[in-house]
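Encoded as structure tokens, the structure appears first; notes follow it.
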Amino acid sequence: MHIQSKLPNVGTTIFTTMSALAAQHNAVNLGQGLPDYAMSKELIALVSKAMNDNYNQYAPMAGWMPLRESIAEKVQFLYNTTINPDTDITITPGGTYAIYSSLTTILQPGDEVIVFEPAYDSYVPNIEVNGGKAILLPLTIPDFRIDWQLVKQNISPKTKAIIINTPHNPTGAVLQESDIQELRKIVKGTNIFIISDEVYEHLIFDGIAHQSILRYPDLMERSFVCFSFGKVYHCTGWKLGYTIAPAALTKEFRKVHQFNCFSCFTPAQVALATFLKDKDSYLQLSPFLQEKRDYFIELMKETRFNLKSSSGSYFITASYERISDEGDADFAIRLTKEFGVATIPLSAFYQNSKDDKLLRFCFAKKNETLEAAAEKLVNL
1 MHIQSKLPNV GTTIFTTMSA LAAQHNAVNL GQGLPDYAMS KELIALVSKA MNDNYNQYAP
61 MAGWMPLRES IAEKVQFLYN TTINPDTDIT ITPGGTYAIY SSLTTILQPG DEVIVFEPAY
121 DSYVPNIEVN GGKAILLPLT IPDFRIDWQL VKQNISPKTK AIIINTPHNP TGAVLQESDI
181 QELRKIVKGT NIFIISDEVY EHLIFDGIAH QSILRYPDLM ERSFVCFSFG KVYHCTGWKL
241 GYTIAPAALT KEFRKVHQFN CFSCFTPAQV ALATFLKDKD SYLQLSPFLQ EKRDYFIELM
301 KETRFNLKSS SGSYFITASY ERISDEGDAD FAIRLTKEFG VATIPLSAFY QNSKDDKLLR
361 FCFAKKNETL EAAAEKLVNL
């Protein structure tokens with residue numbers, strides 16, 4: 001049998017490859033973006049209670065209503081924006097699914113979507129499997145900012161959407177209010193949608209305000225805003241998130257959603273409906289992760305890596321120009337095999353494998369994990 005691939009240029013992701021290599025060589029894994037510390041015992045207990053209380057059957061297609069109501073309350077508290085939990089919020093199996101379904105909802109063959117590179121690796125395949133074309137624009141080096149003049153030059157009658165991601169994976173860069181103003185100017189009076197990847201919403205540092213699309217009514221009316229509970233509550237394996245969009249867009253989104261997953265894991269939704277009301281459970285995430293970032297930066301001062309700035313997310317990038325002139329993929333593999341630390345080469349986040357001699361480190365780890373990695377990296 002012969003199958004014509006919809007993604008002929010896609011193979012196994014670098015995350016799978018590097019994690020397998022880390023396991024094979026018993027390396028400290030600072031590659032994959034997941035915590036190695038425990039999640040909240042209180043939240044675990046709430047899930048257990050929900051299961052014991054027999055919340056084990058399908059939740060409604062759009063999600064458990066008390067959870068959607070808790071999300072709407074949170075949005076009102078954080079961004080002073082009123083969201084209708086009935087018509088504007090859909091619970092999804094993770095943030096990546098939310099992004100995929102948003103693109104599937106709007107794309108027709110031949111549509112163009114502006115993507116900023118380095119970019120989370122699902123964006124371009126999501127676009128291409130839906131018959132669209134990714135218009136790839138580079139973020140500026142070394143600060144990974146958007147060149148808005150370049151964006152204007154690449155807007156065409158075929159432009160269907162712009163994907164933004166703040167805080168940014170893989171670099172930790174964040175959008176500023178000036179960026180949002182430029183975005184507003186570009187899309188005003190157009191039919192361009194915005195897909196806003198905000199899964200690291202609460203992992204933002206140094207007192208910087210998160211520039212959520214939810215703050216801006218004129219942008220919100222054309223946006224699908226995607227979130228992840230896994231990133232917020234240190235439970236990435238739950239694969240639970242949500243999409244917020246205006247009622248008309250949500251109606252179309254749910255047409256796709258109902259024939260894909262239909263319903264998400266009910267006990268976790270019931271538990272989160274209660275847990276989300278505890279504001280400290282998400283407000284304390286920024287200082288918690290900032291402390292880990294700062295500790296990792298301090299540890300890495302003893303190495304020959306040059307760390308770039310990171311204002312959010314789980315991640316920080318580092319140049320190894322004082323160590324080697326190897327390509328980043330080759331260096332990352334050698335680092336895993338010979339020195340016992342797994343990272344992700346930044347070229348994996350470019351479709352043309354652009355190599356700026358940078359690696360991505362995940363610092364969302366126990367202190368002893370970070371210490372073990374730094375101890376090995378000092379030897380380079």
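The UniProt record's numbering puts the sequence shown at residues 1 to 380. Backbone N, C-alpha and C define an ideal beta-carbon position, used for all residues, glycine too. These figures come from a predicted structure and were not determined experimentally.
Cβ-Cβ distance between residue i and residue j below 7 Å
i, j, result
"G132", "L107", "yes"
"Y55", "V270", "yes"
"M61", "Q258", "yes"
"I213", "V225", "yes"
"S223", "I194", "yes"
"I114", "I162", "yes"
"I71", "I89", "yes"
"S263", "A59", "yes"
"L67", "L272", "yes"
"G340", "K376", "yes"
"T236", "L34", "yes"
"I344", "I14", "yes"
"E69", "P85", "yes"
"G95", "V174", "no"
"T87", "A245", "no"
Residue of the options minimising C-alpha distance to residue i
i, options, result
"K188", "T81, Q284, E221, A59", "E221"
"P112", "A134, T105, V129", "One point to set straight first is that residue 112 is Glu, not Pro, in the sequence displayed. Selected option, being the one with the closest Cα: A134."
"N154", "I164, Y295, L137", "L137"
"T190", "K308, G110, T12, S156", "S156"
"A342", "L34, Q351, F361, A348", "F361"
"N352", "A247, P118, Y216", "P118"
"I141", "L346, I3, F15", "L346"
"I208", "T159, A329, Q290, L139", "Q290"
"F116", "K376, V378, F349, A373", "F349"
"L249", "K41, T105, P217", "T105"
"E338", "T17, Q24, S5", "Q24"
"K6", "P109, F288, I344", "P109"
"L283", "V75, T17, A38", "V75"
"V129", "P246, W238, Q4, A329", "Q4"
"F288", "V378, H234, Y120, P8", "H234"
"F144", "A20, G95, D179", "D179"
"D330", "P8, Q211, V174, M18", "M18"
"residue 431", "A20, W238, I192", "Past the edges of the chain, shown from 1 to 380, lies residue 431, and the structure says nothing about it."
"Q57", "F265, L380, T274", "F265"
"P167", "M65, S286, S40, A38", "S286"
"T16", "F77, D121, K255, A38", "D121"
"N26", "A372, N260, Y97", "A372"
"W64", "R184, I91, F77", "I91"
"G172", "V256, L139, T159, W238", "L139"
"G230", "H2, A38, T12", "A38"
Chain-order list of residues whose beta-carbon lies under 8 Å from that of residue i (same chain, five-residue window excluded)
i, result
"M51", "P267"
"K292", "F363, A364, K365, N367, L370"
"A374", "F296, L299, M300, E302, T303"
"S40", "Y233, H234, F275, S281"
Cut-off 7 Å between Cβ atoms - residues of its own chain near residue i, not counting five sequence neighbours on either side
i, result
"N367", "Y295"
"S102", "I195, F224, C226, T243, F253"
"A22", "N29, G31, T336, A342"
"D36", "K365, K366, T369"
"E177", "Q211"
"D328", "P345, L346, S347, D355, K357, L358, L359"
"K158", "G110, D111, E112"
Own chain partners of residue i with C-beta closer than 6 Å, once the 5 adjacent residues on each side are dropped
i, result
"W148", "E182"
"V10", "P125"
"N165", "D197"
"A20", "none"
"R215", "Y79"
Residue i at chain D interface by Cβ criterion, 7 Å
i, result
"H202", "Of the protein chains in this structure there is only one, and it is not chain D."
Check whether the stretch 318-328 touches the stretch 300-309, counting contact only when three or more Cβ pairs, one atom from each stretch, lie closer than 8 Å. By the Cβ criterion, the stretch 318-328 is in contact with the stretch 300-309, since at least three pairs of Cβ atoms, one from each stretch, lie closer than 8 Å.
For the pair the stretch 350-360 and the stretch 41-54, tell me if three or more CB-CB distances fall below 8 Å. In short, these stretches do not touch, since the Cβ pair count stays below three.
Within the chosen definition, does the stretch 203-212 reach the stretch 306-321 through at least 3 CB pairs nearer than 8 Å? Yes: the two stretches touch, three or more of their Cβ pairs being nearer than 8 Å.
Fully enclosed by the stretch 183-235, which alpha helix (DSSP H) runs are 4 residues long or longer? Look at the stretch 183-235 and you find these whole runs of alpha helix (DSSP H), each 4 residues long or longer: 217-220, 229-232.
Are three or more beta carbon pairs between the stretch 81-99 and the stretch 274-287 nearer than 8 Å? The stretch 81-99 vs the stretch 274-287: no contact.
Run through the stretch 305-368 for me and flag every whole beta strand (DSSP E) of 3 or more residues, listed as ranges in chain order. With a minimum length of 3 residues, the continuous beta strand (DSSP E) runs that stay inside the stretch 305-368 are 315-319, 358-362.
Just to confirm the assignment: which complete alpha helix (DSSP H) runs, minimum length 4, are found wholly within the stretch 139-168? With a minimum length of 4 residues, the continuous alpha helix (DSSP H) runs that stay inside the stretch 139-168 are 148-154.
Runs of 4 residues minimum, wholly inside the stretch 23-70: which ones carry the alpha helix (DSSP H) assignment? Runs of the alpha helix (DSSP H) inside the stretch 23-70: 41-52.
Counting only runs of 3+ residues fully inside the stretch 70-112, write out the beta strand (DSSP E) ranges in chain order. Scanning the stretch 70-112 for uninterrupted beta strand (DSSP E) segments of 3 residues or longer gives 89-92, listed from N- to C-terminal end.
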